[in-house]
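Read in order, the letters of the sequence shown correspond to residues 254 to 314 in the numbering used here.
Glycine is no exception: its CB is placed at the ideal position from the N, C-alpha and C atoms.
In this text the structure is predicted, and so the values were computed from the model without any measurement.
Right, one structure below, let's go through it.
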Amino acid sequence: MESNVVIETMPPAEELRMKGINIYMSGPGCGIIFQSPDGRTYKMLSIDNSGNPVWATVPSP
254 MESNVVIETM PPAEELRMKG INIYMSGPGC GIIFQSPDGR TYKMLSIDNS GNPVWATVPS
314 P
């Protein structure tokens, strides 16, 4: 089953909670971006070709 979800609220009014799902991302440059508590740093978590986790500093999305 495929579905697309777009969430676009700034600032978010509620936290997003997901249970019992998988998130699939493919293609170069894909990952999950985290923002530091002070809002000044962004890090993206992805994997390399061997499956090792890779953290990279990225610009504000």
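Kindly identify the DSSP beta-bridge partner or partners of Tyr295. Gln288
Report the option in Ala309, Glu268 and Val258 whose CA atom is closest to the CA atom of Ile286. Ala309
Could you pull the start and end residues of the beta strand (DSSP E) that Val307 belongs to? Pro306 to Thr310
Of the residues Pro264, Glu267 and Ile276, the one placed nearest Val258, counting alpha carbons only: Ile276
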